[in-house]
Each structure stands twice: as structure tokens, then as C-alpha cells.
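In our numbering, the protein residues as written are 46 to 316.
Written out as C-alpha cells, the structure reads:
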């Protein structure tokens, strides 16, 4: 419910990271084991005291989804408190499942008769993932986007347990930024909402952060800046079905002055 894990403050589904050291941030992976392996090697995140923050969407779409889950869970076991896994829309609750959702078939193909058991274990994992992460005074991290009408950070922290009574979890997992909006509007995805700069500004004031870092949308260059430098989208996989030219990951020094999304985009490692 609340406490501390290796310097991180934890309250329900919200984890607060200390403003110190190096943070490596990874966007959607979607079963792209090759890109994940490159990020882990290139960032040198496993050779020191860096923290690793994943923004969700580990499986589906990519052919090596089971292997990606194995790697991230191995990392979690090897470096407890140094690896933070956020929930993406592809790890959503049963009433908000993304489509296509390939994991059941992939688990059956990989594990045969035990595939259903493996998938059931992954479903339990999904329910234990963090909703959001925060470095106070610097950055807010979540998968989809800022939820419109959020009353408090406690509501964000309790988004999982309050679902489906509120739509906070749905918005966090599914929202997308739109530069032409001030407030919010229905999303063409059929879940979540499009959110404008006014929603982002209200969320960042509530969170006490300078910028929002999120994933959820493919970016041809691996990163994309929205809302005048308040929102950075990070996409960390390549290949079908997106065919983006480059993927990217982010490396931040948290004791330094916080960057806006333009500053983070300039430092993102593209590959």
C-alpha cells in the first residue's frame, strides 16, 4: 500500500523515484527482443547503479514477446528496486484488452499445454504493475497520457483499484496527446481520450513536474515532442507493423536541472 523500496517511495500504483543518479527510460518494446538487447547493452544500465524504467507494452505484435517477458522479469529479480515496470494498454485489465492481443497464442506456441498457465501468470503480473512513476520537481512517467479531470495524485495512485468505477486507469493506459486540443475529446482508438495542452498543464501542476514522458504511439524517429515541449513520446522498438525508421531510449541524470521535452529529445539515443 505504502512504503519504500531501495530509495523509492511507493503508494499504491504510484512509485516516486529519488532525484539522484541515472535513469534509463524505455518505451514500447512489443516483443522486439533485438531492440531490448541493444538498449541494455548500449546504455550500460546493468553495469552500475542506474535505474531502468519501462513504460509498458512489453508483448504483443512482436514475435519474441515471451522472450521479452523473460528478460524483463529476470532483470526485476536481478535488480530489485532498480527496475520499474509500468502498465501499458497491452497489460490492461480484462475489460480493456488491446487488440490484437497475441499473447495467449504465443504462450501456447512456446509452451504447449502449459501455455494457458503461463498466460494466466502474466495476467496476474499485469495487475501488479505500477500505474505511473514520478520524479518530483522533474518528470512524470506513464504509458498513455495525462488523464483529464484528475482530482489528485491519490486518484492516480489508486487508479487500478478504483477501476472501472472511474476512468483514470483507462485514460492513463490509452490517452494520446493532440496539439489542436485544449481540453479532451473522444479517441479514435475506441478507448481513452485525446488530451490537449490544457490537460497536460493541469496534470503537471498536480504532479509537481516539468514534463510528461509517455509511450503508446509509434514515432518514426523514436521520439516526438508535443504540447510545446511539455510531452515527450518515446518508442523503443522497430519492425512490423510500425516500420518506423528509428527507435530510441532515454538516459537522464536526475540530479541535473530538469529538461523539457525538447531537451530530452535532443539527448535521446536513437538507433
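C-beta atoms are modelled at their ideal positions from N, C-alpha and C, and glycine is treated no differently.
- Here the stretch 304-311 does not lie against the stretch 123-141, with fewer than 3 beta-carbon pairs under 8 Å apart.
- In this structure, 187 is the residue among 187, 254, 117 with its C-alpha nearest to the C-alpha of residue 134.
- With at least 16 other beta carbons inside 10 angstroms of its own, residue 293 counts as buried.
- Per the Cβ contact rule, the stretch 183-202 is not in contact with the stretch 142-153 (fewer than 3 Cβ pairs under 8 Å).
- Of all alpha-carbon atoms in 149, 174, 284, the one lying nearest the alpha-carbon of residue 267 is that of 284.
- Within the same chain, and ignoring the five residues on either side of residue 105 in sequence, the residues whose Cβ sits closer than 8 Å to its Cβ are 75, 76, 135, 143, 145, 146, 147, 148.
- Beta-bridge pairing by DSSP links residue 178 to 60, 186.
- Going by DSSP, residue 211 is part of no alpha helix (DSSP H) at all; its letter is neither H nor E.
- Taking the C-beta atoms as reference points, residue 235 is found no nearer than 8 Å to residue 193.
- Listed as beta-bridge partners of residue 67 by DSSP are 298.
- By the beta-carbon neighbour count (other beta carbons within 10 angstroms, threshold 16), residue 215 is buried.
- Distance from the CA atom of residue 139 to the CA atom of residue 64, rounded to whole angstroms, is 35 Å.
- Under the three-state reduction of DSSP output, residue 87 falls in the helix class.
- In the three-state scheme derived from DSSP, where H, G and I count as helix and E and B as strand, residue 94 is classed as coil.
- Counting the other CB atoms within 10 Å of its CB gives residue 175 a total of 16 or more, which places it among the buried residues.
- CA-CA distance, residue 92 to residue 86, rounds to 9 Å.
- Taking the Cα positions, residue 198 is about 22 Å away from residue 230.
- Taking a contact to require three or more Cβ pairs closer than 8 Å, the stretch 248-256 and the stretch 210-225 do not qualify as touching.
- Residue 152 sits buried, since 16 or more C-beta atoms from the chains shown fall within 10 Å of its C-beta.
- Spatial neighbours of residue 195 in its own chain (CB-CB distance under 7 Å, excluding positions within 5 residues in sequence) are listed in chain order as 201, 213, 248, 251.
- For the pair residue 98 and residue 73, the Cα-to-Cα distance works out to about 11 Å.
- DSSP assignment within the stretch 108-138 yields the following whole alpha helix (DSSP H) runs of 4 residues or more, N-terminal first: 110-123.
- Exclusion of the five residues before and after residue 163 leaves 152, 156 as the residues of its chain whose Cβ lies within less than 7 Å of its Cβ.
- Of the candidates 114, 290, 203, the residue whose Cα lies closest to the Cα of residue 166 is 114.
- When only Cα atoms are considered, residue 132 and residue 158 end up about 27 Å apart.
- For residue 240, the enclosing beta strand (DSSP E) begins and ends at 238-240.
- Here the alpha carbon of residue 69 sits roughly 23 Å from the alpha carbon of residue 287.
- Straight across, the Cα-Cα distance linking residue 282 with residue 314 is about 13 Å.
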